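First comes the structure, then the notes that go with it.
Protein chains: 2
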Amino acid sequence: MKIRKQDLEPIAEGAAFLGTGGGGDPYIGRLVAEALFERYGEPEMIEASELDDDANVYISAMMGAPTVLVEKIIGGPELDLAISALEKYTGRQADAILPAEMGGCNSMLPLAVAAMRGLPVINADGMGRAFPELQMVSFNVHGVSASPMSMANEHGESIIINARDSHETENKARQLIIGMGGSAAISCYPMSGAKVKQTAIPGTLSLAKGIGESLSQGRKQNKPIDNLVDYLAGTKYYSQARRLFSGKIESISNRVEGGFTLGECHIRGIGEKSQQILTVEFQNENLIARLDGQLIAMVPDLICLVDTDTGTPITTEALKYGQRLCVIAANVPPIMRSEKALNIWGPRAFGYDFDFTPIEKL
Amino acid sequence: MKIRKQDLEPIAEGAAFLGTGGGGDPYIGRLVAEALFERYGEPEMIEASELDDDANVYISAMMGAPTVLVEKIIGGPELDLAISALEKYTGRQADAILPAEMGGCNSMLPLAVAAMRGLPVINADGMGRAFPELQMVSFNVHGVSASPMSMANEHGESIIINARDSHETENKARQLIIGMGGSAAISCYPMSGAKVKQTAIPGTLSLAKGIGESLSQGRKQNKPIDNLVDYLAGTKYYSQARRLFSGKIESISNRVEGGFTLGECHIRGIGEKSQQILTVEFQNENLIARLDGQLIAMVPDLICLVDTDTGTPITTEALKYGQRLCVIAANVPPIMRSEKALNIWGPRAFGYDFDFTPIEKL
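Respectively, the protein sequence lines represent chains A and B. Numbering of the first sequence is given in our numbering, commencing with residue 1 and proceeding in unit increments. Numbering of the second sequence is given in our numbering, commencing with residue 1001 and proceeding in unit increments.
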């Protein structure tokens, strides 16, 4: 199935929702993908199950703090260079492109590279959401290494990292991000078709598109958020989706540190709930929601901020004082809540001193 | 001509002298080289002029703050891995090994790798001394790029950097040094035999050996420093060699910052000169000498600290309160004082706001 140019808008919006605040500005990613679709044609989207077991699959993504990403114009050349640098290093040509995560920018760039290369993009990713660090993908949970990994920038510079594990690959890449200009195009987790079938989370590009379409249809009926929550609850992954809170941003603090955007956002309720405060803490992505200090949702479950009127997902770097928004939470697929998985992206992996509790139990 | 095991001691000592405080502990480098000579045999040393024009020449060195280097045991595997990672990347097997600099550790490691590989080592280097940054070599002055460059560590991790110029290669490598464990084995400036003939400084390994031998012969006559200065003055490169000052270390300040050992050392004169203070400022290597505030020698000329009694060169990380030492200065070859060269390693390249003045004019 071709991904058409008009599919980019719903996919970008749905992925921005799944991105839980991270993954970069969906608008920028969409502009890049649109331009490259026009130039090179629309790419084919295939299911992971259609891959040959010995196909060579490469990931394409941008790495860096989203607040820096929006300041940079992302061109195609560095995305292409990241793939070719890794191809040259492994000695294997790419047969298909795989998204690492669903997030505004990082759902679009794999489509852009697939178009440039005339390669299919796989309807799957490594988390069905966005996460701030490289080792936080299902590929790593199931033993695929992030190394060898490539990084490339707009100056035609490239780096190959061959570290002992995925976490060390992340550490080394993160040290280089500032020197690469604050963000870089990357490729990592080079793997076979067989490995993709074993380790990727299938169907997530279609799901992003469905989420985007549920919002645009809902807008026509003036109920985008109701429509969105209904759609999510009907999917195989997000059956526990719910509204957590509605209110207005009272304060935001954020800083760029070690290549991440870190901070928190305080949302005050409206009307009879005006004494209540919901706090969302983020590290690129939203990690924790507390209502008057009480935990009500936590990573890896989805905590998504959307505009109260339009349902538009709001990324971390776009949060503004006075914004009216609705907080939506959803469970993640069971594969993302296994003990092995929670070691990599549960609350403790982000420095919190408590274990994961699913939203349906909070 | 074979480099014999018994040559290692004078070469290491002579290179430590030329290292002007930098290049790491010569004793550690010598231990590594001795062990690898015993295991793999003694390597051949050849002149740059003997190289085939299309030979593939690779540099071998350690990068990092010397104060960290002495804390780590340097094994052979990471040195070998740095070369093989670069060979794999360029697709060209090494035909010969070239030292980057003359310095305690970095004069020994190329010999060690040459032994491991059964390859010849070239009697030449990129500066005839030691410098703290990768772009500070004659190869770069004459247009050879440091990239592609490899880094490797004792965990079997490797990195390939392909940056737009030698200075950017240095910046990226330096960012990675801490994550690689404080120091790393490197290979860079991969070049042809023809390029080595055009850009390397010939004869520097022999020269280091001559310096080491002049010290050990001088010790037998109880005049190691006189013998050393006489020997230097008789070489084609260091005709202006002279004693600058003798005294005792009154204070030292140093810190490890950004992968470098930075600081200064104050030396008080003895006897009738006890009112005089000579200050040496260093960044891994000794850069500037001031006598009572007045400049008397500056980079790239050599500023070397040796023990007053034995003439043993003292590296930056080994400076100690109360040590009695003699400061010796020497000119560098004219090729190192050209305008193009001074842009890369003159005083301004190290952040000083004055131009280079040769020691013979100070």
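C-beta: ideal position from N, C-alpha, C; glycine also. Computed from a prediction, not measured in an experiment: that's the story for all the values here.
Burial state of residue i (16 or more Cβ within 10 Å)
i: A:D125; result: buried
i: B:Y1321; result: exposed
i: A:K2; result: exposed
i: B:F1354; result: exposed
i: A:G218; result: buried
i: A:D7; result: buried
i: B:D1301; result: buried
Chain B contact for residue i (CB, 7 Å cutoff)
i: A:N162; result: yes
i: A:K172; result: yes
i: A:L81; result: no
i: A:Q283; result: no
i: A:L176; result: yes
Assigned secondary structure, residue i (DSSP; H/G/I helix, E/B strand, else coil)
i: A:R164; result: coil
i: B:Q1093; result: coil
i: B:P1132; result: coil
i: A:N153; result: coil
i: B:L1325; result: strand
i: B:E1281; result: strand
i: B:R1337; result: coil
i: A:T315; result: coil
i: B:A1082; result: helix
i: B:L1362; result: coil
i: B:P1077; result: helix
i: B:D1309; result: coil
i: B:V1032; result: helix
i: B:V1047; result: The identity of residue 1047 of chain B in the sequence shown is Glu, whereas the question assumes Val. Residue state, collapsed to three classes: coil.
i: A:K320; result: coil
i: B:A1173; result: helix
i: A:I159; result: strand
i: A:P190; result: coil
i: A:I344; result: helix
i: B:K1236; result: coil
i: B:P1026; result: helix
Delimiting residues of the beta strand (DSSP E) encompassing residue i
i: A:G247; result: 242-257
i: B:S1187; result: 1183-1187
i: A:T199; result: Here A:T199 belongs to no beta strand (DSSP E); instead the alpha helix (DSSP H) covers 193-199.
i: B:F1350; result: Unbroken run through B:F1350: none, as it is neither H nor E.
i: B:L1262; result: 1260-1269
i: B:M1108; result: From DSSP, B:M1108 is part of no beta strand (DSSP E) but of the alpha helix (DSSP H) over 1104-1117.
i: B:L1295; result: 1294-1298
CB contact below 7 Å: residue i versus chain A
i: B:E1157; result: yes
i: B:Q1135; result: no
i: B:G1391; result: Not covered by the structure: residue 1391 of chain B. The range shown for chain B is 1001 to 1362.
i: B:K1340; result: no
i: B:L1291; result: no
i: B:V1070; result: Legend: pLDDT at B:V1070 = 49, less than 50; position of this residue unreliable, no value from coordinates given.
Residue i: first and last residue of the uninterrupted alpha helix (DSSP H) it sits in
i: A:Y231; result: 224-233
i: B:N1286; result: No alpha helix (DSSP H) holds B:N1286; the beta strand (DSSP E) holding it covers 1285-1291.
i: A:R219; result: 204-220
i: B:V1057; result: That residue, B:V1057, is in no alpha helix (DSSP H); its beta strand (DSSP E) goes 1056-1064.
i: A:V141; result: 138-141
i: B:E1013; result: 1008-1018
Nearest-angstrom beta carbon gap, residue j and residue i [assumed within contact, 8 Å]
i: B:A1163; j: A:E157; result: 5 Å
i: A:S418; j: A:S166; result: With chain A running from 1 to 362 in the structure shown, residue 418 of chain A is simply not present.
i: B:I1267; j: B:E1285; result: About 17 Å separates the two Cβ atoms, so there is no contact after all.
i: B:A1094; j: B:I1160; result: About 15 Å; that fails the 8 Å criterion.
i: B:M1102; j: B:G1019; result: 6 Å
i: B:Q1283; j: B:L1262; result: 5 Å
i: A:R4; j: A:E42; result: 6 Å
i: A:M62; j: A:G24; result: 6 Å
i: A:K197; j: A:L81; result: Contact doesn't hold; Cβ gap of about 28 Å is too wide.
i: A:I11; j: A:S107; result: 6 Å
i: A:P190; j: A:T90; result: 6 Å
i: A:A184; j: A:G64; result: 6 Å
i: B:A1037; j: B:A1115; result: Correcting the residue identity first, residue 1037 of chain B is Phe in this sequence and not Ala. Confirmed, about 5 Å.
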